[in-house]
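One structure is given here, and the rest of the page talks about it.
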Amino acid sequence: MAKSLVIVESPAKAKTIGKFLGKNYKISASVGHVRDLPKSKMGIDIHNNYEPNYITIRGKGSLIQELKKEAKKAKKVLLATDPDREGEAISWHLAHILSIDEKEKCRIEFNEITETAIKNAIQSPRAINKNLVDAQQARRILDRLVGYSISPLLWRKVRKGLSAGRVQSVATKLICDREKEIEEFVPQEYWSISAYLKKEKSHEMLEAKFYGFGQEKVELNTKEDVDKILEKLDKNAYVVSDVKRKEKKRNPYPPFTTSSLQQEAANRLGFSTKKTMMVAQQLYEGIELKEEGSVGLVTYIRTDSTRISDEAKAKARQYIVDHFSEDYLPEEEKQYKTKKEGQDAHEAIRPTAIERTPEKIKDSLTKDQYQLYKLIWERFLASQMKSGVYDTYSVDINNNGYIFKASGSKLIFDGFLKVYTHATVSDTEIPEVSLNEKLIEEKLEPKQHFTQPPPRFTEATLVKELEEKGIGRPSTYAPTIATILSRGYVEREKKALKPTELGLIVTELLEQYFSDIVDEDFTAELEEKLDKIEEGSLHWIKVIDEFYQPFQSVLKHAEEEIEKIELAEEVTDEICEECGKQMVIKYGKFGKFLACSGYPECQHTRPLVQKIGVSCPRCEGELVERRSKKGRLFYGCINFPKCNFVTWSRPMNEKCPLCQSLLIEKNSKKGVTIQCSNKECKYKRMAEEH
Numbered sequence: 001m002a003k004s005l006v007i008v009e010s011p012a013k014a015k016t017i018g019k020f021l022g023k024n025y026k027i028s029a030s031v032g033h034v035r036d037l038p039k040s041k042m043g044i045d046i047h048n049n050y051e052p053n054y055i056t057i058r059g060k061g062s063l064i065q066e067l068k069k070e071a072k073k074a075k076k077v078l079l080a081t082d083p084d085r086e087g088e089a090i091s092w093h094l095a096h097i098l099s100i101d102e103k104e105k106c107r108i109e110f111n112e113i114t115e116t117a118i119k120n121a122i123q124s125p126r127a128i129n130k131n132l133v134d135a136q137q138a139r140r141i142l143d144r145l146v147g148y149s150i151s152p153l154l155w156r157k158v159r160k161g162l163s164a165g166r167v168q169s170v171a172t173k174l175i176c177d178r179e180k181e182i183e184e185f186v187p188q189e190y191w192s193i194s195a196y197l198k199k200e201k202s203h204e205m206l207e208a209k210f211y212g213f214g215q216e217k218v219e220l221n222t223k224e225d226v227d228k229i230l231e232k233l234d235k236n237a238y239v240v241s242d243v244k245r246k247e248k249k250r251n252p253y254p255p256f257t258t259s260s261l262q263q264e265a266a267n268r269l270g271f272s273t274k275k276t277m278m279v280a281q282q283l284y285e286g287i288e289l290k291e292e293g294s295v296g297l298v299t300y301i302r303t304d305s306t307r308i309s310d311e312a313k314a315k316a317r318q319y320i321v322d323h324f325s326e327d328y329l330p331e332e333e334k335q336y337k338t339k340k341e342g343q344d345a346h347e348a349i350r351p352t353a354i355e356r357t358p359e360k361i362k363d364s365l366t367k368d369q370y371q372l373y374k375l376i377w378e379r380f381l382a383s384q385m386k387s388g389v390y391d392t393y394s395v396d397i398n399n400n401g402y403i404f405k406a407s408g409s410k411l412i413f414d415g416f417l418k419v420y421t422h423a424t425v426s427d428t429e430i431p432e433v434s435l436n437e438k439l440i441e442e443k444l445e446p447k448q449h450f451t452q453p454p455p456r457f458t459e460a461t462l463v464k465e466l467e468e469k470g471i472g473r474p475s476t477y478a479p480t481i482a483t484i485l486s487r488g489y490v491e492r493e494k495k496a497l498k499p500t501e502l503g504l505i506v507t508e509l510l511e512q513y514f515s516d517i518v519d520e521d522f523t524a525e526l527e528e529k530l531d532k533i534e535e536g537s538l539h540w541i542k543v544i545d546e547f548y549q550p551f552q553s554v555l556k557h558a559e560e561e562i563e564k565i566e567l568a569e570e571v572t573d574e575i576c577e578e579c580g581k582q583m584v585i586k587y588g589k590f591g592k593f594l595a596c597s598g599y600p601e602c603q604h605t606r607p608l609v610q611k612i613g614v615s616c617p618r619c620e621g622e623l624v625e626r627r628s629k630k631g632r633l634f635y636g637c638i639n640f641p642k643c644n645f646v647t648w649s650r651p652m653n654e655k656c657p658l659c660q661s662l663l664i665e666k667n668s669k670k671g672v673t674i675q676c677s678n679k680e681c682k683y684k685r686m687a688e689e690h
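The sequence shown begins at 1 in full-length UniProt numbering and counts up by one.
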């Protein structure tokens, strides 16, 4: 009997689905896209309604032949790619290659890889949604028109290897604009006054902050402002003028969207957006559990919705009652609103089975998988629980009409905080005082402060900014950040994103000649048009034509006006070992490298390494920063491969006082610790203790 053929994108997904469908189904993987625009040319017929010229992706020939062979033998072919625009486009391309009529009911869709979801999807196949395909195709063509038009211009006018992209250019501009804000920031002086007051009998201490005079808040901008206040305060005239006590609720967070997951994983786990999506994809496609086999642990991971299915909510509510008590269960189910620009096509990211606790499956997961799954599991369960409740207590203290304020709070019911361990819970208790009670001044402490510039973006705050401005969609945040880092427009400084000189130059050029491309509102408006294509209310050719016609004129003007920009070569202290001249920093396909300044007479090059001023403990060579194939920073000897000393932790130019081994820095939740690299030595201290 002929089997039905089910085609998914990845082998991991195929393995998980195969377990549920049994022997009457053959599961194959396309390993992503099978057709795309050619890399060597534009691949779009501008004079023929922007017709794309799709070709088979190099290296996919034998896989496609195998799929064709299986499709001919199959009773039925079902396309089970991801439930979004990209997945729909992959199915459409597969249908074309396998000669399947796109109106045929060949497409199945599911939001989670569980037995119930897969079997339900098999029972209700549908035709390929051409609106979804058109929306993906429009994005791909728009990005190709921008990239393949502006990038060659940048090669000619600035430097080879540069690129410009519709969303990446806006993201780079946001980072450049923030850097300008920081550089142009003028600190403003301001002052505060803290009064340390003591109760007469118990001697309990209370810290109160100066507020103002009567009901009016008074700003303290100079020392003169502070001195005027201090002159009018009477050390013996502090009287409690108001006491307020009330309960305050702390509501649970909504379940994760792609954006909020990326932000929380960055803040709580230190994951990059790229790493978060890679690990989340593994959890979605299926993990081999010891007792169950391959199972999809979370729902689809590219979503901007906070919606939860009724079934999942009901199971979460039952879990709360069974494992905590009814005290933690809200009377009504929690509802969360999806942002107005959200597509709401999928549920929020949640565990596929709430009973599958992180601890229960910990032994089957890697450390990264466990951490991310725990974050998702806790966030979802907590989202269905009651709010935390605090007892808040605020006090006004009067001194000759001048008001000082103090406040405290104490958690009296933990609610969702019992589960969501990543939420900070802090009690700030102050001593009980009564109305008209007199307090004794122990100390007055005026302090000078200066306003601080806005911080640089981190990956987490950049994702938040892109989402709030409607730039990009859930599937684009991680690749956008990865692209601007790999192109050398932006670099990481600790966790912050800082524009490079190259990033600033390219952004300035694009602002001057392609203002629409880097305009936030224009980019967000294009995203909305792509959404309308998906809804079927706008035709993709019209959207592209409205963009391309004016863009063509701007491109021609830029080609004529932009003069060749010479980027100054950065001369280093390194000496060429072949001719003795100084080495300069050059840029290549894979980033920076050192080249002899005597080029073309001397063509010697070598990798650029960042020395850290620490000697190798094995051979006395210098230790330098290096990056692994996955981009992770580590430290190794400059004499590699002769000396293979490496460490993931940053070495210090200091020896251990106990055993004279190398000291290294380690990051922890409490801060940076300095400890001995010798595992047998127990020396450790906090970094601040010198």
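Glycine residues also receive a C-beta, built at the ideal position from the N, C-alpha and C atoms.
{"Query": "Closer than 8 Å is the cut-off here; do at least three beta carbon pairs connect the segment 491 to 501 with the segment 214 to 229?", "Result": "no"}
{"Query": "How is the beta strand (DSSP E) around Cys-637 delimited, first residue to last?", "Result": "633 to 637"}
{"Query": "Counting Cβ pairs closer than 8 Å, one from the segment 533 to 542 and one from the segment 34 to 47, do we hit at least three?", "Result": "no"}
{"Query": "In angstroms, rounded to a whole number, what distance separates the CA positions of Lys-60 and Ile-128?", "Result": "23 Å"}
{"Query": "Between the beta-carbon of Leu-381 and the beta-carbon of Ile-403, is there less than 8 Å?", "Result": "no"}
{"Query": "Thinking C-beta only, is Val-77 closer than 8 Å to Cys-106?", "Result": "yes"}
{"Query": "Rounded to the nearest angstrom, what separates Asp-531 and Ile-505 at their Cα positions?", "Result": "32 Å"}
{"Query": "Go ahead and label His-346 buried or exposed: buried means 16 or more other beta carbons lie within 10 angstroms of its beta carbon, across all protein chains shown.", "Result": "buried"}
{"Query": "By Cβ distance, which residues of its chain are closer than 6 Å to Gly-87, with the 5 residues on each side in sequence left out?", "Result": "Thr-81"}
{"Query": "Assign Trp-155 to one of two classes, buried (16 or more other C-beta atoms within 10 Å of its C-beta) or exposed (fewer than that).", "Result": "exposed"}
{"Query": "For the beta strand (DSSP E) that contains Asn-398, what are its first and last residues?", "Result": "388 to 399"}
{"Query": "Between Leu-283 and Gln-371, is the Cβ-Cβ spacing less than 8 Å?", "Result": "no"}
{"Query": "With H, G and I counted as helix, E and B as strand and the rest as coil, what does DSSP make of His-690?", "Result": "Residue placement at His-690 is poorly supported in this model, since its pLDDT is 36, which falls under 50; the coordinates still yield a value, given next. DSSP places His-690 in coil when its eight states are reduced to three."}
{"Query": "DSSP three-state call for Phe-256: helix, strand or coil?", "Result": "strand"}
{"Query": "State yes or no: is the C-beta of Ile-46 nearer than 7 Å to some heavy atom of the ligand COA?", "Result": "Questions concerning the ligand COA fall outside what the structure shown contains, since it holds no ligand whatsoever."}
{"Query": "Going by CA-CA distance only, name the one from Gly-32, Asn-399 and Tyr-148 that's closest to Leu-439.", "Result": "Asn-399"}
{"Query": "Using 8 Å as the Cβ pair cut-off and three pairs as the minimum, do the segment 184 to 196 and the segment 434 to 452 touch?", "Result": "yes"}
{"Query": "Could you please give the first and the last residue of the uninterrupted beta strand (DSSP E) stretch that includes residue 733?", "Result": "The chain is shown only over 1 to 690; residue 733 falls outside these bounds and no answer can be derived."}
{"Query": "Starting from the Cα of Ala-89, find the closest Cα among Met-652, Asp-134, Lys-443 and Ser-597 and give me that residue.", "Result": "Asp-134"}
{"Query": "Would you mind listing the beta strand (DSSP E) stretches within the segment 394 to 481 that are 3+ residues and don't spill past its ends, in chain order?", "Result": "402 to 413 and 438 to 450"}
{"Query": "Would the segment 403 to 415 and the segment 427 to 439 be scored as touching if the rule is three or more Cβ pairs under 8 Å?", "Result": "yes"}
{"Query": "Which full runs of the beta strand (DSSP E) of 3+ residues lie inside the segment 577 to 630, going along the chain?", "Result": "582 to 588, 591 to 596, 605 to 607, 610 to 615 and 622 to 627"}
{"Query": "What are the uninterrupted segments assigned as beta strand (DSSP E) that are 3 or more residues long and contained completely in the segment 186 to 243, given in chain order?", "Result": "189 to 199 and 205 to 213"}
{"Query": "Quick check on the DSSP output: what are the complete alpha helix (DSSP H) runs of length 4 or more inside the segment 128 to 157, in order along the chain?", "Result": "130 to 157"}
{"Query": "Considering only DSSP beta bridges, list what Arg-247 is partnered with.", "Result": "The residue you asked about is not Arg; residue 247 is Glu in the sequence shown. For Glu-247, which the question treats as bridged, DSSP gives the partners Asp-391."}
{"Query": "In terms of residues, what are the limits of the beta strand (DSSP E) holding Val-277?", "Result": "Before going further, note that residue 277 is Met rather than Val in the sequence given. Segment 273 to 285 is the alpha helix (DSSP H) holding Met-277; no beta strand (DSSP E) there."}
{"Query": "Please classify Gln-552: does DSSP put it in a helix, a strand, or coil?", "Result": "helix"}
{"Query": "What are the start and end residues of the beta strand (DSSP E) that includes Thr-523?", "Result": "First-last for Thr-523: 520 to 535, but that is the alpha helix (DSSP H), not the beta strand (DSSP E)."}
{"Query": "Do Lys-130 and Glu-109 have their beta-carbon atoms positioned less than 8 Å apart in this structure?", "Result": "no"}
{"Query": "Should Val-672 be labelled buried (16 or more other beta-carbon atoms within 10 Å of its own) or exposed?", "Result": "exposed"}
{"Query": "Is it the case that the Cβ atoms of Lys-230 and Ala-406 are separated by a distance below 8 Å?", "Result": "Checking the sequence, you will find Leu at residue 230 rather than Lys. Cβ distance not < 8 Å, so Leu-230 and Ala-406 don't count as in contact."}
{"Query": "Assuming contact is defined by CB atoms lying nearer than 8 Å, are Val-433 and Val-240 in contact in what I supplied?", "Result": "yes"}
{"Query": "If you reduce the DSSP assignment to three classes, tell me which class Leu-174 lands in.", "Result": "helix"}
{"Query": "Would you tell me roughly how many angstroms separate the C-alpha atoms of Glu-326 and Gln-384, rounded to the nearest one?", "Result": "12 Å"}
{"Query": "Given a threshold of 16 other Cβ atoms within 10 Å of its Cβ, counted over all protein chains shown, does Leu-98 qualify as buried or as exposed?", "Result": "buried"}
{"Query": "Three or more beta-carbon pairs under 8 Å between the segment 50 to 66 and the segment 160 to 173, yes or no?", "Result": "no"}
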